[in-house]
Every structure is written in structure tokens, then in C-alpha cells.
């Protein structure tokens, strides 16, 4: 079976074709512009490759409830041309194949749980920290949706003493995304994170906010592993800082074997930035199987 994968991001759309086993046969990226400009190219790409099913992981907010008439529709996104656009329906109509649909971070979580080092872990959180912050959550082997889907990037945090930098989120004064995403780092320090690698104070502060996040995720979802990905986490010096600070914030309140091996609990992605595409492949496989 040839399964199509569409990782629909805010800046680019990644198309791929893969086998059910996760072997990526072909991939290509397109800039995210408007539906009128993007969708004809994307649907034509998959038509030409005769896929048997498709999995889509989309930027949000988006409707992921299969029982809703709005299933697969982009909701109140700041990307105005896409607001209210029925993304999944466009591919169902154009391709006539089963189409699975979820958020981009949920599919990244699914990709790691299906094909990565977290295979077999049923309770998992995947967080991407880049231009924005998002979290995909798996509980008992099922991706968490609820009334919408997790929006952990907008959890409120305590500002660290002395941090007078702006919160770049237009909706909140001190949320995770506003304080710790890539644009926040650039606004606070006057340079991109890639130019600040040797500034220890930058990453001490960033790690404090990410550790507050991990503390909250541990207490709210009780995952057996937390994966931290995204462009900001390319600063690998963050991982030991976040691990230590997370344990400090937890203050021994929770004891578990997983936390005793903190280096294996808070980890980097294992799929060389293919976790989103491979999660879409698994979504497509499930759609073809009627799951």
C-alpha cells in the first residue's frame, strides 16, 4: 500500500509517499500560501503518485472530532486565508481515498510512538518548541482530543525573577509560547537563538520556562516520557538544564521509576525530523483500515 502524508504547517507543506512500514519513498515541500494557491498543487502531487490513503497533520486550531460536521476544518487561526477552510474535505473530494486527520503535533507524537524510540510507550507527550509551542498527547495509546485538542503552548507560567522581556503572544500576558518560543527569544535578547549559543543566561532562562512546562505536563497527564522537539531544541545544551530544573520543580512530590532515569524521560526526537511525516503515514494506514 502506498500511503500519502501531508504535514501541513504554517510556513510549509511537506508531502510524502511511504510504505505502511514507514519507508519514505518520496517527499517534497511547498510554501504555505493560500488555499487557492496551495491546494491545487498539493492534490495534484498526490494524484500523480496514486496513493491508496492519506494522513494529514495540520496546524491549528482545527477540528479533529470525526463526529463533527466541521471535522478537518481549520478554525480560528491567525493565518486568515485558511480560517474556516475545510482542509480534509478538499483531499477527500480530490483523491477519493480514505483520509486520516489530526493536529501536526499529535501526528508527531504518533510518529514517535509508532516508528521511533518511544514505540510501545502508551502514555507520551510530544512538545515542539519553535516559532510557536504545541503539544501532542497520547494517553493509553490514544491521541488526546477532548473538546478540541491540547493547546499546551498557551499554559500560563510564572515569570522568572528579573525577566522583563515581552510576552509575544497576543492573547496572554505570560504563557509558555509567549515566553519561550523562538520569536520570544529573539525579541528578549535581540538575536536569533542560533546566534546566542554561547550565552548561558539565555538558555538558563529558557530552560526554566520549559521545566515549568514539563512540571505541569507531568502533573496533568502523568506521561511515561516527554519528547522535546522543534527548532529551539536544536540548542542541545537545553536538555540537561530542563531535566534538572524539572526535578527541582517537582521537589520529590512524585516518585516513579521513569523520573529516576530522567535522561530517558525527557528526550529528543528520534526520527531525524521525520516524526510528523511518519505520524501522517500511520494516520493514513489507520484510515485505510477503517480505524
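Residue numbers (this note's numbering): 327 to 617. Every residue, glycine too, gets a C-beta built ideally from N, C-alpha and C.
Check                                                                                                                             : Outcome
Supposed close pair residue 398, residue 413 - CB separation, criterion 8 Å                                                       : 6 Å
Beta carbon of residue 381 nearer than 9 Å to that of residue 457                                                                 : no
Strand pairing of residue 350, partner residues [DSSP]                                                                            : 344
Bridge partners - residue 453, DSSP secondary structure assignment                                                                : 461 and 554
Within the region 503–579, ranges of the alpha helix (DSSP H) (whole runs, at least 4 residues)                                   : 508–515, 526–547 and 564–576
Contact check, residue 330 vs residue 423, beta carbons under 9 Å                                                                 : yes
Beta bridge counterpart(s) of residue 501 as assigned by DSSP                                                                     : 482
DSSP bridge partner residues for residue 469 (one or two, in chain order)                                                         : 464
9 Å Cβ cutoff met for residue 495 and residue 481                                                                                 : no
As assigned by DSSP and simplified to three states, the class of residue 593                                                      : strand
Alpha carbon of residue 581 to alpha carbon of residue 537, nearest angstrom                                                      : 17 Å
Paired residues, beta bridge with residue 333 - DSSP                                                                              : 340 and 383
Cβ shell of residue 369 (< 8 Å), same chain only, five flanking positions each side left out                                      : 416, 417, 420 and 421
Residue 614 versus residue 427 - alpha carbon distance                                                                            : 12 Å
Bridge partner(s) assigned by DSSP for residue 357                                                                                : 338
Residue interval of the beta strand (DSSP E) (run including residue 429)                                                          : 425–429
Meets three-Cβ-pair contact criterion under 8 Å: the region 444–463 and the region 548–555                                        : yes
Length of the line joining the Cα atoms of residue 601 and residue 595                                                            : 8 Å
Coarse secondary structure for residue 614, derived from DSSP in three states                                                     : helix
Nearest-angstrom Cβ-Cβ length linking residue 435 and residue 605, presumed shorter than 8 Å                                      : 7 Å
Beta-carbon proximity of residue 546 to residue 568, cut-off 9 Å                                                                  : no
Residue of 570, 366, 559 and 616 minimising C-alpha distance to residue 519                                                       : 559
Beta-carbon contacts of residue 477 that lie in its chain and below 6 Å, excluding the five residues immediately before and after : none
Proximity to residue 400 [Cα-Cα], best of 577, 367 and 336                                                                        : 336
C-alpha gap between residue 438 and residue 445, whole angstroms                                                                  : 7 Å
Cβ neighbour criterion (16 or more within 10 Å) applied to residue 617                                                            : exposed
Option nearest residue 489 by Cα separation, candidates 513, 472, 468 and 479                                                     : 513
As assigned by DSSP and simplified to three states, the class of residue 582                                                      : coil
Nonlocal neighbours in the same chain, by C-beta distance under 7 Å from residue 371, ignoring five residues either side          : 341 and 354
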